[in-house]
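Written out below as structure tokens is the structure these notes cover.
Protein chains: 2
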Amino acid sequence: MNHPRTLRVDYDQTASVMCVVGSELNVNLNRSAPPSSKFFSVKCTPSVQYSIIPTPLKESHLSPIPLHGKSVLLIGMSRASQHENDSKLSIRYYGESEEVLGRAVLHLTAVEISLDVDADRDGVVEKNNTNKGSWKWGPNGHGAILLVNCDTERKFRKKLDSESEEVSEHSDLKDMTVMALRTKGPAKLPEGYKLTMHISQGDAESVRVFKLRSPDTTGNILKNLFYKYFEKAFPLVLSSKVLSQEVPYLGGTAEMNFYVEGLRFPDKDFNGLIRINLSLLEPISTGLPETPIFTDTVVFRVAPWIMTPNTLQPSEVFVCSTSDNYRFLKSMRSLVAKSGYKLNICHEYMNRGDRWMQDELEFGYIDAPHKQFPVVLDSPRDGKLKDFPYSQLLGPDFGYVTRMAEEDDVSSLDSFGNLEVSPPVTVNGKDYPLGRIIIGVAFPTATKGRNMTKVVQDFLWAQKVQEPIALFSDWLYVGHVDEFMTFVPAPDRKGFRLLLASPDAGYKVFRGLRNAGHGQAKLFEGLKDEEQKTVDEILDDEGLRGENNYVQHCIDWNRDVLKRELGLDEDDIIDLPILFKLVPDKKEEEFRALAYYPDMVNMIVLGKNLGIPKPFGPKVNGRCALEAEMCALLEGLGLSCTFINDFASYHKLLGEVHCGSNVRREAFDFKWWNLEM
Amino acid sequence: MNHPRTLRVDYDQTASVMCVVGSELNVNLNRSAPPSSKFFSVKCTPSVQYSIIPTPLKESHLSPIPLHGKSVLLIGMSRASQHENDSKLSIRYYGESEEVLGRAVLHLTAVEISLDVDADRDGVVEKNNTNKGSWKWGPNGHGAILLVNCDTERKFRKKLDSESEEVSEHSDLKDMTVMALRTKGPAKLPEGYKLTMHISQGDAESVRVFKLRSPDTTGNILKNLFYKYFEKAFPLVLSSKVLSQEVPYLGGTAEMNFYVEGLRFPDKDFNGLIRINLSLLEPISTGLPETPIFTDTVVFRVAPWIMTPNTLQPSEVFVCSTSDNYRFLKSMRSLVAKSGYKLNICHEYMNRGDRWMQDELEFGYIDAPHKQFPVVLDSPRDGKLKDFPYSQLLGPDFGYVTRMAEEDDVSSLDSFGNLEVSPPVTVNGKDYPLGRIIIGVAFPTATKGRNMTKVVQDFLWAQKVQEPIALFSDWLYVGHVDEFMTFVPAPDRKGFRLLLASPDAGYKVFRGLRNAGHGQAKLFEGLKDEEQKTVDEILDDEGLRGENNYVQHCIDWNRDVLKRELGLDEDDIIDLPILFKLVPDKKEEEFRALAYYPDMVNMIVLGKNLGIPKPFGPKVNGRCALEAEMCALLEGLGLSCTFINDFASYHKLLGEVHCGSNVRREAFDFKWWNLEM
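Same order as they appear, the protein sequences are chains A and B.
Every letter in the first sequence is one number past the one before it in the working numbering, and letter 427, counting from 1, is 427.
Every letter in the second sequence is one number past the one before it in the working numbering, and letter 498, counting from 1, is 1175.
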């Protein structure tokens, strides 16, 4: 609600006054009364509405009413004027014996002004939503939404649209949020009045506003063609350089569209909220600034970057082609084809031998009622694949965002195999309908150790809608959470299972083999250049057992955190039979863990089809006991296990199927703005 | 609540286990059972408490219970151990025909660990407050409080205590918040276990933790003396360089105090909340990081910087002595003495001719249950008085804070005559028991104009407890809100009145004079070198009238904002009779306002005594009509008006009494943490 605006009224003068429909003018009657005034009366034309405070006893205000020290006249207008000064109000002042001492006359012009947005989030810019000036989460919430214009309309000489102060293509407008200025009133505003759109200095870092150039009204066709093709058809209205600019008043009943462009994602120093204001300015005199006499404000929230868990439908699968991974590629192609998705191959000229497609980037998306598109988060890892996200993924309706870190601050934990997201969960009654982000760090108690760099962590936390969980992954040589955990869809319970690598489960399988008389079955049988070990040798290796106790201990620590932070029960977790070994780090100061045989938890999840690193476990009757155990654990959930030989081209290079692939997935049906925060 | 920790238990082994009283251990019975186990039983010593999930039908757990796939044993300890491994629990596993297959034995050692703070804000560090891990505003809220250690214990070669990584004086500890580590258990922790205190990288920018050095237990008196006098008696535990450090476990029932020091005020990138953690670490093996098996966390909020409105009791008044202000000083000395406060004079060697004591600094304070002290906010104005706040005010229990801005960003609006604070108000049901900060800026719609610099605005908004209001002050030549408004105490209504400069009220006085036959009375009578004007001349000056209409318009705009944002009625406002004139700005591009005669609203408020610039208005029967009007308006509120001649030494230099003085005031009785946010 707009509070009444103080209006000065001088007696014996006629003043022209602008009034915005829905707002009120407050006249202090005593302040401008002629000396010795004791009474007053008020008269007006029909479209003027007024009230007097304190309420006079008399019903008619045409005859004198006693003037009090604090007598106030509140004036409003019920509808827009058709012509300037088409409404009138006069105040007459009287002396002791009701003689007229003076008379003030107001000529009133009323306009309707409304800066409008899609505050109810239905894709339509409604008129003057009462809640447009604030933002509220939830299905009963309100407030408009802005996308970071982080894609590019250009296919060549690319540049993020948000980095350009121009609307390069008409299609670029679709990434922006429409804001309408609706006005109603006389053909033009009274002399000197104007409309101004404005933002604060702080918000200007995060938003830009464009408008459609008004057609040349002189009817100069050439000029309009020139505008259309060679000049800016969409002039910039507001930016970090222009915090305030006049916008045209079109007259009559008019509507003008503006296009609002988000420039940056929520981050540590930006909560995502932006206000845009539209004011009516009143002229005073040359050399004096105009006074804002009415301000309408709309609020936007910049859409967060959202990650997609394994339970969402895949759209595209990405892998690298290298000189040595032909067999792997063939298996992946077959799995992806069988699952019915598209396989994208990043060729060697682009990947330059870097096969870790999972680590260089993370797929996500941004979503608004009017538009949704995928956005790749580019890791500060910057391996030889570093150009791939920008040069191959960024494009029309495919956004890009990154966070730059000092080279010294970047470790293996900044690879995005160390950035995952859970399916939707409910934890102690709190819903996370978009799941929770999961990252790996050093123990919070560690005096040294590797960590995910602060700029990326700050970014992830600031998105808010998938509140992150920090796990302990620094115990791993490579250090990624995808080395010990993943999620698969399930038809029952919470709709998914958490799969965890488990040395205990591994030893159980090996002990079972020995007990069943297969102590001489061999791990890695058939793999040349690989030392083969029998089940007995593995079970009798006390050192290995100790190392795996430690690994189980580390995983259990994370298991406890995941149970607590995702609200999981034991039945939501499946322990996969995987053994690890410890190896000294590069400085030979500490020992860290690597999978002993292909790390089956590091799988690709394509709907119900799982592409699992082939473990080359001991065989019983020709069948790998580890594969058999995996199938036994997972097939009951309707999942289909495909074992992919990644031994030479991935496992020996310290990664597996998941590390070497990436999946872009469909967005959630759930809309992030419907979250209750 | 601490969730149960997963514990691995191997059969046919005896394991030593640490358990923190109040936490639970979760043993997956099936995971570590011998192959073919079908039943189990549990036995323990009295201080061990356990439960089995699913709950077995049998009452006695000494005889075999069926082993399920997901059987879980939850173990807790009811009290701290006196000796290592003084409690025991054993699990026996049985086969199909109840033959014993294996037995796991746990030797348990229990400790009590509690990191404690004054979470209930009563000045006492209570034991293990259940709410210590979160922060909540309000009288029913909780969470500990930290002060920015922004004073200095040193009187010479000063440096902010927060800028030093040492506790220089014992008294410095009083500015810190005590945090206690309380432990109970055996004389020492089992081999390899240790306690570690830790903070996150983000929090480490804002906090430091010290402890008292433990006395040398060898009884070496010299060594202890050495520690006491020559070495750090209070070693640094945590800082931006050390995020995690081991802290001693003292054994038995012990309590160790830590001292927590706040390093920076809430700001745009810091919400003021800080977490400190204490973990118990379990050893694994050389070369492997210890695992945190229990973590206790406490939360602090850094106390905001709070301003003091005119309605609070003064403690000290500050003015500058210059070569030309002897008479002014004398009047001020007399007023301050009469009011019973202390006058501090800043001498010329320090002020170097800069007399604008109001503009260089703003007094405020910080407050915690254990300590409160004044803090000066130093303006980026940095006139010749710039060294005064640091070199003269900063001291023991007198803090200092500033915000640096680029020289180009600093304008006259950064002087703190442009930073004021209202008395406590309630606005549409929302309480502001500490009032609201008021600053002056350009119109939000202005395309050019001066503003208060962003770093200072960000700081003020981030303090949160006195939510700022931005007024329009750029219409003034000097540009400070104290040129058109102030607050005075009042015995009735809201406890105060807002005083506003009002040209309309001024003209009313002048018209009244003419009507009463005093049209020839002179403004500035008796002032040499000043052009004297008669009442008639003033009233007949159409240009002046126009300029004052504009000024009234600007003030009315602010009046509307103040009424809305402070929830004021007309009766809460008094309009003071003050005329302005417009003068061209330095570039002669725009016109801005200056007071035509001494600006009476720019007064010093010392309880009920007001020190008002002497207006030199037209005299009637020897009495200044403007002074008479001021007294008539204010004395009814029990206020006493003293008119101070500041004409030559302040008014002619474009300031008045308020600009040339500053008042340090007592803190609010209301505690900021009791605010409902």
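A virtual CB, placed ideally from N, CA and C, is assigned to each residue, including glycine.
Beta-carbon separation (whole angstroms), residue i vs residue j, contact threshold 8 Å
i          : j          : result
Val-975/B  : Ile-961/B  : Going by Cβ atoms, the distance from Val-975/B to Ile-961/B rounds to 27 Å, so no, they are not a contact pair.
Pro-389/A  : Val-376/A  : 5 Å
Phe-1005/B : Tyr-1327/B : 7 Å
Asp-267/A  : Phe-459/A  : 6 Å
Glu-46/A   : Gly-1126/B : A quick correction: the sequence has Pro, not Glu, at residue 46/A. The Cβ separation is near 41 Å, so there is no contact.
Leu-744/B  : Ser-714/B  : 5 Å
Ile-1043/B : Ala-980/B  : 5 Å
C-beta contact flag for residue i and residue j at 7 Å
i          : j          : result
Val-698/B  : Ala-787/B  : yes
Pro-1180/B : Gln-1229/B : yes
Arg-923/B  : Arg-859/B  : The question names Arg, but residue 923/B is Glu in the sequence shown. In this structure, Arg-859/B does not lie closer than 7 Å to Glu-923/B by Cβ.
Ala-796/B  : Lys-809/B  : yes
Asn-257/A  : Ala-180/A  : yes
Val-481/A  : Asn-418/A  : yes
Phe-234/A  : Val-125/A  : no
Ser-916/B  : Glu-882/B  : no
Leu-544/A  : Phe-510/A  : no
Leu-498/A  : Ile-573/A  : yes
Tyr-1154/B : Val-1260/B : yes
Pro-863/B  : Ser-956/B  : no
Pro-804/B  : His-784/B  : In the sequence on display, residue 804/B carries Lys and not Pro. Result no, Cβ atoms of Lys-804/B and His-784/B do not sit closer than 7 Å.
Arg-352/A  : Lys-384/A  : yes
Met-630/A  : Met-600/A  : yes
Contact test: residue i Cβ vs the ligand ADP heavy atom, cutoff 6 Å
i         : result
Cys-696/B : As far as ligands go, the structure on display features none, and thus does not contain the ligand ADP.
Three-state secondary structure (DSSP) of residue i
i          : result
Ser-1008/B : helix
Leu-850/B  : helix
Lys-813/B  : strand
Leu-500/A  : strand
Val-686/B  : coil
Ser-32/A   : coil
His-518/A  : coil
Val-1078/B : strand
Arg-1342/B : strand
Lys-1285/B : coil
Gly-660/A  : coil
Arg-92/A   : strand
His-107/A  : strand
His-61/A   : coil
Ser-718/B  : strand
Phe-230/A  : Low local confidence applies: a pLDDT of 45 at Phe-230/A is under 50, so the model's placement there is unreliable, with the coordinate-based value given in what follows. Here Phe-230/A sits in coil by DSSP.
Tyr-626/B  : What the structure shows of chain B is the stretch from 678 to 1354, and residue 626/B is not part of that stretch, so it cannot be assessed.
Ile-1255/B : coil
Asp-378/A  : strand
Tyr-1273/B : coil
Any chance you could list the beta strand (DSSP E) runs of at least 3 consecutive residues sitting entirely within the segment 1016-1053 of chain B, in chain order?
-> 1019-1023, 1038-1045
Could you name each continuous beta strand (DSSP E) segment of 3 residues or more that falls completely within the segment 241-282 of chain A, going from the start of the chain to the end?
-> 244-247, 252-262, 273-282
Contact list for the segment 497-518 of chain A against chain B, Cβ threshold 9 Å = Ser-502, Asp-504, Ala-505, Lys-508, Arg-511, Gly-512, Asn-515
Taking any Cβ of chain A, which residues in the segment 1237-1249 of chain B have a Cβ under 8 Å from it, in chain order?
-> Asp-1237, Lys-1240, Arg-1241, Glu-1247, Asp-1248
Pull out every residue of the segment 1123-1153 of chain B whose Cβ sits closer than 9 Å to any Cβ of chain A, in chain order.
-> Ala-1123, Thr-1124, Lys-1125, Gly-1126, Asn-1128, Lys-1131, Gln-1134, Asp-1135, Phe-1149, Asp-1151, Trp-1152
According to a CB-to-CB cut-off of less than 7 Å, which residues of the segment 982-993 of chain B neighbour chain A?
-> none
Interface positions of the segment 288-303 of chain A facing chain B (Cβ-Cβ less than 9 Å), listed along the chain = Leu-288, Pro-289, Glu-290, Thr-291, Pro-292, Ile-293, Thr-295
Contact set between the segment 1106-1122 of chain B and chain A, restricted to residues whose Cβ is under 7 Å from the partner = Phe-1120, Pro-1121, Thr-1122
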